[in-house]
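Colleague:
Residue numbers (my numbering): 8 to 588.
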């Protein structure tokens with residue numbers, strides 16, 4: 008080869024090294040902002056993005072369905088306070104991920120959904136491109152913010168805006184649209200590097216006003232039966248120590264919502280979880296910390312709360328529009344939870360009166376009575392199991408492994424586990440959240456294992472598991488320390504419904520009788536176990552949690568166990584009309 012030819016090849020190589028493109032800019036921008044994991048379903052036009060991201064050192068967890076990848080990204084955001092990132096293909100893939108994005112926004116989880124999309128000029132003229140869809144327009148109403156990046160040089164700003172929108176104020180989901188042509192756009196590597204943005208302080212502290220703090224303290228000081236309600240916003244804030252100090256310094260009973268369990272242990276002497284009905288109904292001043300008065304708290308009114316208009320509410324929330332959403336908030340505290348609780352603590356001196364002893368004594372008496380009443384149900388070792396006896400066994404497993412993460416979904420499986428299984432550390436219980444949506448199980452379990460490295464116990468109703476069950480292959484493929492327990496009672500709510508026509512089709516709520524979900528796990532190389540008693544269940548789960556091997560336990564539950572719609576049967580309309588035959 009001539010000297011001139013060699014020189015030409017060297018110059019060409021150097022020129023190539025000085026270039027970058029849309030693929031590399033996305034990867035570089037994510038790494039610059041300490042986002043090191045992608046939850047994805049690869050395909051056109053993001054296949055190479057996934058391959059290259061892995062090659063550049065990002066962890067790419069590839070799922071079987073975009074909704075599950077999106078759920079994983081959402082709960083990753085909750086656990087880390089950084090936006091979890093889900094990457095999907097266009098149109099149907101985008102729509103699958105959109106359910107998780109909307110759920111993340113509703114639950115205030117920081118998440119970014121990045122989807123490839125068809126070309127703008129064809130979409131806008133509706134000329135029938137591959138998977139043609141105006142994804143940005145569809146996403147906007149369902150998330151906190153939505154952006155589209157058409158030019159490679161704008162990627163840095165586009166991702167920065169997405170991160171800031173996802174994390175700042177009340178966190179939520181953000182959509183980032185990347186048309187196919189974007190990825191192959193080439194520009195100078197030097198200019199590309201300059202175009203990237205490292206987001207500084209995406210969720211700055213928001214300090215409450217002094218007058219608002221004084222007002223809240225004055226209301227709290229005058230309480231005869233005060234109550235603190237901790238919501239999942241309090242768990243997300245990671246202000247655990249300052250919350251604990253405030254609760255213990257005031258002596259006020261606290262009631263944790265399900266994903267706030269463990270900020271203080273459920274066994275803490277001030278925990279009122281086992282006396283929920285009593286404290287909601289009889290309290291006179293309620294301090295809401297990262298909890299919203301939505302349907303999960305009966306909107307702050309009705310018979311669950313006792314006499315109408317008898318309560319005074321103090322509310323801590325970073326979103327001012329949340330105040331007075333259902334009832335009057337007499338002392339709104341707008342700011343981040345850590346700053347607000349710290350400000351309240353500064354106003355509490357050594358002379359601050361503890362919560363009245365007659366109130367705390369009454370709460371403890373009710374709590375002790377309810378715990379004693381429940382104990383025999385949890386110790387039953389009969390076969391077939393019911394929900395209480397099975398959950399009693401799992402309660403002991405979590406007590407022995409307080410750093411394990413519990414994922415929970417279902418109807419009766421969810422409702423009863425909330426009250427039965429005690430949590431001891433914050434952000435260890437992950438469940439269906441505000442919407443009560445089924446299908447979060449396997450996505451949450453995968454992300455919990457990936458983000459924390461801790462063992463995960465996923466307690467699933469057989470119906471709930473069906474929404475994301477194929478992801479057991481994902482769990483096996485990545486060899487994650489996840490143990491899945493399926494409460495199998497052969498159907499939705501119960502497995503005892505009968506087709507009223509006497510025809511060959513089973514009733515709509517009934518599944519295959521005596522299905523062996525454990526065999527499904529074995530098919531992918533995981534461990535499958537079939538159990539019929541609480542003792543067998545405890546031994547199997549303990550072994551799985553200790554081994555760290557992907558495991559699925561098929562726990563046989565009495566088909567007649569369970570109630571229609573679980574604890575929210577009142578939301579399920581029932582027909583009272585009988586047709587004449």
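Backbone N, C-alpha and C define an ideal beta-carbon position, used for all residues, glycine too.
Do the CB positions of residue 280 and residue 185 come within less than 8 Å of each other?
Modeller: Not a contact, by the Cβ cut-off of 8 Å.
Colleague: Note the first and the last residue of the continuous alpha helix (DSSP H) segment covering residue 371.
Modeller: First-last of the alpha helix (DSSP H) with residue 371: 364-385.
Colleague: Nearest chain B C-beta to residue 93 closer than 8 Å, yes or no?
Modeller: Absent here is chain B; the protein component of the structure consists of one chain.
Colleague: Assuming residue 395 is part of the alpha helix (DSSP H), what are its boundary residues?
Modeller: From DSSP, the alpha helix (DSSP H) with residue 395 extends over 394-407.
Colleague: Is the Cβ-Cβ distance between residue 258 and residue 361 less than 8 Å?
Modeller: In contact: residue 258 and residue 361 (Cβ atoms closer than 8 Å).
Colleague: Would you kindly report the start and end of the unbroken beta strand (DSSP E) that includes residue 468?
Modeller: Residues 463-468.
Colleague: Cβ atoms of residue 141 and residue 130: under 8 Å apart, would you say?
Modeller: Closer than 8 Å, so yes.
Colleague: Excluding sequence positions up to five away, which residues of its chain have a Cβ less than 6 Å from the Cβ of residue 219?
Modeller: Same-chain partners within the cutoff: 340.
Colleague: When DSSP builds the beta bridges, which residues end up paired with residue 549?
Modeller: DSSP lists no partner for residue 549.
Colleague: Where does residue 158 land, buried or exposed, given buried means 16+ other C-beta within 10 angstroms?
Modeller: Label assigned to residue 158: exposed.
Colleague: So the beta strand (DSSP E) residue 561 belongs to, where does it begin and stop?
Modeller: Its beta strand (DSSP E) spans residues 558-563.
Colleague: Under 8 Å, do residue 94 and residue 70 count as touching if we go by C-beta distance?
Modeller: No, the pair does not count as a contact, with Cβ atoms beyond the cut-off.
Colleague: Alpha carbon to alpha carbon, how far is residue 538 from residue 520?
Modeller: About 15 Å.
Colleague: Measure the alpha-carbon distance for residue 326 versus residue 571 and round it to whole angstroms.
Modeller: Cα to Cα, the separation comes out at about 36 Å.
Colleague: Once the 5 residues before and after residue 499 are set aside, which same chain residues still bring their CB inside 7 Å of it?
Modeller: Contacts found: 470, 516.
Colleague: Applying the 10 Å Cβ sphere with the 16-neighbour rule, what's the burial state of residue 310?
Modeller: Result: exposed.
Colleague: Do residue 573 and residue 421 have their CB atoms nearer than 8 Å?
Modeller: Taking 8 Å as the Cβ cut-off, residue 573 and residue 421 qualify as a contacting pair.
Colleague: Around the C-beta of residue 479, are 16 or more other C-beta atoms found within 10 angstroms, so that it is buried, or is it exposed?
Modeller: Buried is the call here.
Colleague: In terms of DSSP beta bridges, what is residue 184 paired with?
Modeller: Its beta-bridge partners are 122, 155.
Colleague: Secondary structure at residue 28, three-state DSSP: helix, strand or coil?
Modeller: Residue state, collapsed to three classes: strand.
Colleague: I need the straight-line Cα distance from residue 531 to residue 450, nearest angstrom please.
Modeller: Their backbone Cα atoms lie some 17 Å apart in a straight line.
Colleague: Assuming residue 295 and residue 320 are in contact, meaning their beta carbons sit under 8 Å apart, how far apart are those beta carbons, in whole angstroms?
Modeller: Indeed they touch by this definition, with Cβ atoms about 6 Å apart.
Colleague: DSSP three-state call for residue 65: helix, strand or coil?
Modeller: Looking at residue 65 - three-state DSSP - the assignment turns out to be coil, as it is neither helix nor strand.
Colleague: Compute the distance between the beta-carbons of residue 331 and residue 190, then report whether it is under 8 Å.
Modeller: In this structure, residue 190 does not lie closer than 8 Å to residue 331 by Cβ.
Colleague: Under a Cβ-count criterion, where at least 16 other Cβ atoms within 10 Å of its own Cβ denotes burial, should residue 85 be classed as buried or exposed?
Modeller: Under this definition residue 85 is a buried residue.
Colleague: Counting only the same chain and skipping the five closest in sequence on each side, list residues whose C-beta sits under 7 Å from that of residue 312.
Modeller: Correct list, in chain order: 287, 288, 305, 318.
Colleague: Return helix, strand or coil for residue 508, following the three-state DSSP convention.
Modeller: Residue 508 falls in the coil class under three-state DSSP.
Colleague: Cβ atoms of residue 249 and residue 352: under 8 Å apart, would you say?
Modeller: Closer than 8 Å, so yes.
Colleague: Check whether the Cβ atoms of residue 83 and residue 112 sit closer than 8 Å, and answer yes or no.
Modeller: For residue 83 and residue 112, no; Cβs fall outside 8 Å.
Colleague: Mind the definition here: the region 166-180 touches the region 103-122 only if three or more C-beta pairs lie below 8 Å; say whether that holds.
Modeller: Yes, the region 166-180 is in contact with the region 103-122.
Colleague: Apart from the five residues just before and just after residue 35, which ones in its own chain have a Cβ nearer than 7 Å to its Cβ?
Modeller: 203.
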